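All remarks here apply to the structure that follows.
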Amino acid sequence: MRTAIALLTALVMVCSVAVPAGVAAANPSTDSVNQTTENHPPDPPSDRLGWEDGYWYNESLSVTAEDGLNDTELDAVVARSMARVERVRGIEFNGSVPVEVISREEFREEQDGSSSNTSTANRLHQNVKWEAMLSIGEDENALETSESTRSATVGGYYSPSEERIVIVSENTTTPQMDEITLSQELFHALQDQKLRVSFNRSTQEGINARNGIVEGDGNLVDRLYGQRCDAEWDCVIPESDGSNGGGGNTSDINYGIYLTQFQPYSDGPKFVQQIQREGGWDAVDDVYENPPTSSEQIIHPEKYPDEGPVNITFEDTSSEAWSVPDMGNGSVDYARFGQAGLSAMFMRPVFASGGTASPVVGPRDFYNISNGGISDFDPLNYSLEVTNGWGNDKLYPYVTNQSAETNETGYVWQTEWDTEADAEEFADAYVDLLEHYGAESVAGNQSTYRIPDNRTFGDAFYVDVDGSTVTLVNGPNVTALSEIRAGAAPAAEPDPTTTSSDDTGSGFGPGFGAVAALLAVIAAALVSIHRRD
1 MRTAIALLTA
11 LVMVCSVAVP
21 AGVAAANPST
31 DSVNQTTENH
41 PPDPPSDRLG
51 WEDGYWYNES
61 LSVTAEDGLN
71 DTELDAVVAR
81 SMARVERVRG
91 IEFNGSVPVE
101 VISREEFREE
111 QDGSSSNTST
121 ANRLHQNVKW
131 EAMLSIGEDE
141 NALETSESTR
151 SATVGGYYSP
161 SEERIVIVSE
171 NTTTPQMDEI
181 TLSQELFHAL
191 QDQKLRVSFN
201 RSTQEGINAR
211 NGIVEGDGNL
221 VDRLYGQRCD
231 AEWDCVIPES
241 DGSNGGGGNT
251 SDINYGIYLT
261 QFQPYSDGPK
271 FVQQIQREGG
281 WDAVDDVYEN
291 PPTSSEQIIH
301 PEKYPDEGPV
311 NITFEDTSSE
321 AWSVPDMGNG
331 SVDYARFGQA
341 GLSAMFMRPV
351 FASGGTASPV
361 VGPRDFYNIS
371 NGGISDFDPL
381 NYSLEVTNGW
391 GNDKLYPYVT
401 NQSAETNETG
411 YVWQTEWDTE
421 ADAEEFADAY
431 VDLLEHYGAE
441 SVAGNQSTYR
451 IPDNRTFGDA
461 FYVDVDGSTV
471 TLVNGPNVTA
481 LSEIRAGAAP
491 AAEPDPTTTS
501 SDDTGSGFGP
511 GFGAVAALLA
521 VIAAALVSIH
531 RRD
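Numbering (the UniProt record's numbering), first residue to last: 1 to 533.
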């Protein structure tokens, strides 16, 4: 899927900063022939690499892209783009792939309402896990929020079940197609035809881990394709006003969800590029047979393939009033976010505040800066000090009555770390994050915190560090913590210097209304970075 990688990269282009052409993405293709678009061989007697449906990769086309493409023009652009993808990646298509161009408004209409076709258990599961990520409040619907984020950021997608490509255009009257976007979706079709693409879709971490190779390879091909458009190929690329990097309305983006899902698009191309440079495209193909098992392996390529997630043994110690929703259909009853998700959780405040808030990590920590600008190849650094050393995590949602329309919810989130020092660092940073959202220490309870109910994430939290294990417990109030996890929030002697958790207090915790445009976020971030230099 072509997501809004352009949202973080193209927007930087309109900032008053110098943006590098990219991070050393030297073309690893074996192509050494530099033919012009006017100099191509005659059609071959049979199909061959670099030629598809009557078009060579370096042919010029007589098309008018400004007013949208008619069927004949679209067929020609698709055929030539297929030939170019073959040329870049060195793999031959089995056959043609249908391509449809629709407006973003049409795409949004197709997405609307799909979240209603889900079970109560799944709705609760999704709500609790994204609330645990401090991405949505209890009054929000996680599935609807995910839909709006997807509708605002997707530039195109390939459907394996339908074996077709849909390109999403910003133009609602005469939809146009971006050949660079097309190239990536065509490569996804090629992956489906020729490479072993398998997904563990049971958790977000499983999706991110597999996307490290699937989207990493796709975005690297996309980049190499784009470099040739700049240097030697004429390409169909509609003009853009640069207002939001080619995506939809940025106010529809939930940054917690977006940043979590964005990780393989940022780290994946570099992960694949390193493998390609060391062993060629054959080595990249081999990764499909032995895909990454964690986002940590994509963030830290040296950990692939040997250092996978450690085993987690979880024991349910809740009272009878609380239970983990039964997902059914063989689905797992827990969530896993990995280092990608944990890092996104710490990044989110900067984006959600328009670049003004950085309670734990700031732009200097997570933007990859090169020559005064943000890298358009690997824009975000998910290797944060507070999440490095991740070993594994499992989050179990709890509800009081999963069949009712309204439920009390909570969770137990067990995280494992490489060392005790890593565990302590994460726990300390997590407490800082809670305090950013308005949490105060609860008098008489060790490691227990309360965010007032009038704030977005109003709840009770318990943070327990036991060696290299950090367990986070959440509930609607302090009493519920020990009902969800026996032993949580243990009573202690009252500390007269500690403020009661029932007082709303004046702890720092901004309201979350309309999300600031990413342009403002990046501009503010760059100002902050340069001021520190």
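Glycine included, C-beta positions come from ideal geometry on N, C-alpha and C.
Values in this document were obtained by computation on a predicted structure and should not be read as measured data.
Asked: With 16 other Cβ atoms within 10 Å as the buried cut-off, status of residue 41; Found: exposed
Asked: Nearest residue (CA-CA) to residue 192, options 462, 260 and 97; Found: 97
Asked: Simplified DSSP assignment, three categories, for residue 336; Found: coil
Asked: Rounded C-alpha distance that separates residue 423 from residue 417; Found: 6 Å
Asked: Cα-Cα separation between residue 396 and residue 164, rounded to whole angstroms; Found: 37 Å
Asked: C-beta atoms of residue 180 and residue 237 nearer than 8 Å; Found: yes
Asked: Contacts around residue 31, its chain only, beta-carbon distance under 7 Å, and the 5 residues preceding and following it disregarded; Found: Annotation note: pLDDT 37 at residue 31 (below 50); position unreliable, coordinate value reported separately. For residue 31, where only same-chain residues beyond five positions count, the Cβ hits under 7 Å are 87.
Asked: Cβ-based burial, residue 81 [other Cβ within 10 Å; buried from 16]; Found: buried
Asked: Closest Cα partner of residue 358 within the set 429, 75, 215 and 304; Found: 429
Asked: beta-carbon residue 412 near the ligand FMN non-hydrogen atom, thresh 7 Å; Found: In the structure shown, the ligand FMN is absent, as is every other ligand, since no ligand is present at all.
Asked: Any alpha helix (DSSP H) of 4 or more consecutive residues that is wholly inside the segment 369-429; Found: none
Asked: Residue burial classification, residue 152 (beta-carbon count within 10 angstroms, cutoff 16); Found: buried
Asked: Rounded C-alpha distance that separates residue 296 from residue 73; Found: 43 Å
Asked: Assigned secondary structure, residue 451 (DSSP; H/G/I helix, E/B strand, else coil); Found: strand
Asked: Beta-carbon gap between residue 445 and residue 489 smaller than 8 Å; Found: yes
Asked: C-beta atoms of residue 205 and residue 338 nearer than 8 Å; Found: yes
Asked: Residue from 127, 135, 208 and 175 whose Cα sits closest to the Cα of residue 69; Found: 175
Asked: Identified DSSP bridge partners for residue 445; Found: 491
Asked: Residues that residue 464 bridges to, as DSSP identifies them; Found: 471
Asked: Beta-carbon proximity list for residue 508, same chain, < 8 Å, skipping 5 on both sides; Found: Legend: pLDDT at residue 508 = 19, less than 50; position of this residue unreliable, no value from coordinates given.
Asked: Beta-carbon proximity check, residue 226 vs residue 310, cutoff 8 Å; Found: no
Asked: Alpha-carbon spacing of residue 203 relative to residue 331, whole angstroms; Found: 9 Å
Asked: Assigned secondary structure, residue 72 (DSSP; H/G/I helix, E/B strand, else coil); Found: helix
Asked: Completely contained alpha helix (DSSP H) runs for the segment 152-232, where each covers 4 or more residues; Found: 179-194 and 204-231
Asked: Residue 59 - DSSP class collapsed to helix/strand/coil; Found: coil
Asked: Residue 389, buried or exposed, once every other Cβ within 10 Å from all chains shown has been counted against 16; Found: buried
Asked: Of the residues 464, 194, 112 and 352, the one placed nearest residue 282, counting alpha carbons only; Found: 194
Asked: For residue 99: DSSP bridge partner residues; Found: 165
Asked: DSSP state of residue 51 mapped onto helix, strand, coil; Found: strand
Asked: Inter-residue Cα distance where the pair is residue 510 and residue 353; Found: In this prediction, residue 510 scores a pLDDT of 23, lower than 50, which makes its location untrustworthy; the coordinate-derived value is nonetheless stated afterwards. If you take the alpha carbons of residue 510 and residue 353, they lie about 8 Å apart.
Asked: Enclosing alpha helix (DSSP H) for residue 125 [first to last residue]; Found: 120-132
Asked: C-alpha distance - residue 50 paired with residue 123, whole-angstrom precision; Found: 47 Å
Asked: Alpha-carbon spacing of residue 307 relative to residue 420, whole angstroms; Found: 18 Å
Asked: Own chain, CB closer than 7 Å to residue 442, minus 5 neighbours either side, in chain order; Found: 448, 449, 450, 478 and 501
Asked: Beta-carbon gap between residue 346 and residue 433 smaller than 8 Å; Found: yes
Asked: Span separating the alpha-carbon of residue 145 from that of residue 44; Found: 50 Å
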